[in-house]
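Report on the structure given below.
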Amino acid sequence: ETGVTQTPRHLVMGMTNKKSLKCEQHLGHNAMYWYKQSAKKPLELMFVYSLEERVENNSVPSRFSPECPNSSHLFLHLHTLQPEDSALYLCASSQDRVGPTNEKLFFGSGTQLSVL
Amino acid sequence: AQTVTQSQPEMSVQEAETVTLSCTYDTSESDYYLFWYKQPPSRQMILVIRQEAYKQQNATENRFSVNFQKAAKSFSLKISDSQLGDAAMYFCAYRSQETSGSRLTFGEGTQLTVNP
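In the order they appear, the protein sequences are chains A and B.
Adding 50 to a residue's 1-based position in the first sequence gives its number in the working numbering.
Adding 8 to a residue's 1-based position in the second sequence gives its number in the working numbering.
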């Protein structure tokens, strides 16, 4: 299934650069997520936005700064990154509801980030 | 905190044969949700199958089925009549019923190769 678009697909940046990752969902969902996927490690949840409010930040370093201007768009601003931040960054969306739910996540194709 | 373990980093299967991918998890909760996601070379994660812990019947989706053993905290994925398009990274994931929304805890993944 499609509906979550991420740009750019690839990004190479130096440690002193500032860049932004963009995610857009066309599914009418009310929650968006940033996940980090490193080789041979489980996906790590970085940020959650539900109804445009950030509700969770899993102790992510401040060099990663999320922004969610509306329910359809999500950004991840990057500055002074380290080589160990090189990874695939995945955006996802879902329709959050009050209480437990088995709603699934819809993912984008990710941005492969390399920090030199 | 919940953890998800996939003990098989890589698996291979002959086309048209059956393969089973293993997943175990650790939780103190009695109600929760379990998922299998597939990540093909396109990198976009796609939901394969999901299971509610309160349901005793194993979920099935066409050629995909699960063996859910709640007491053993095991959630394996069986792929029948394997096809070349099944080649991908497969992730097992857990969602607590105590948190709203779609925050998932993922395993490390199993890379499945399908041989012609």
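Heads up, the beta-carbon is just placed ideally off N, CA and C, and yes, glycines get one too.
Owing to the predicted nature of the structure, the values given are computational and were not obtained by experimental measurement.
Proximal chain A residues relative to residue i, where beta-carbon distance stays under 7 Å
i	result
B:E116	K90, K91 and P92
B:L55	K154
Span of the beta strand (DSSP E) around residue i
i	result
A:N107	E103 to N107
B:A9	Here B:A9 belongs to no beta strand (DSSP E), and DSSP marks it neither H nor E.
B:N123	T118 to N123
A:H129	H123 to H129
A:K72	K68 to Q75
B:K128	Chain B is shown only over 9 to 124; residue 128 of chain B falls outside these bounds and no answer can be derived.
Residue-chain proximity (residue i, chain B), Cβ-Cβ < 8 Å
i	result
A:S112	no
A:L138	yes
Residue burial classification, residue i (beta-carbon count within 10 angstroms, cutoff 16)
i	result
A:M96	buried
A:H79	buried
A:E51	Confidence at A:E51 is low in this model, with a pLDDT of 47, below 50, so its placement is unreliable and no value can be given for it.
A:Y99	buried
B:P49	exposed
Under 7 Å from the C-beta of residue i: neighbouring residues of chain B
i	result
A:L77	Here the premise fails: no neighbours, minimum Cβ distance about 13 Å.
A:G53	Per Cβ cutoff of 7 Å: no residues; A:G53 is ~10 Å from chain B at best.
A:S159	S50, R51 and Q52
Closest Cα partner of residue i within the set the options
i	options	result
A:P237	A:T130, A:K86 and A:K69	For chain A, the structure presents residues 51 to 166; residue 237 of chain A sits outside this window and is missing.
B:Y98	B:A79, B:V122 and B:K78	B:V122
B:E37	B:F114, B:Y102, B:E116 and B:G117	B:Y102
B:F72	B:S90, B:Q52 and B:K78	B:S90
A:L166	A:E153, A:M65 and A:G53	A:M65
A:S143	B:S104, B:C100, B:A96 and B:L112	B:L112
A:V54	A:E134, A:L61 and A:Y83	A:Y83
A:R104	A:K86, A:E117 and A:V110	A:E117
Proximity test, Cβ basis, 8 Å: residue i and chain A
i	result
B:Q10	no
B:S50	yes
B:R58	yes
Residues that residue i contacts on chain B, provided the C-beta gap is smaller than 9 Å
i	result
A:V62	Simply none; closest approach about 17 Å.
Cross-chain neighbours of residue i in chain B, by beta carbon under 8 Å
i	result
A:L163	Correct list: empty, because the minimum Cβ distance to chain B is about 13 Å.
Chain-ordered chain A contacts of residue i [CB-CB under 9 Å]
i	result
B:F83	Here the premise fails: no neighbours, minimum Cβ distance about 14 Å.
B:F99	P92 and L93
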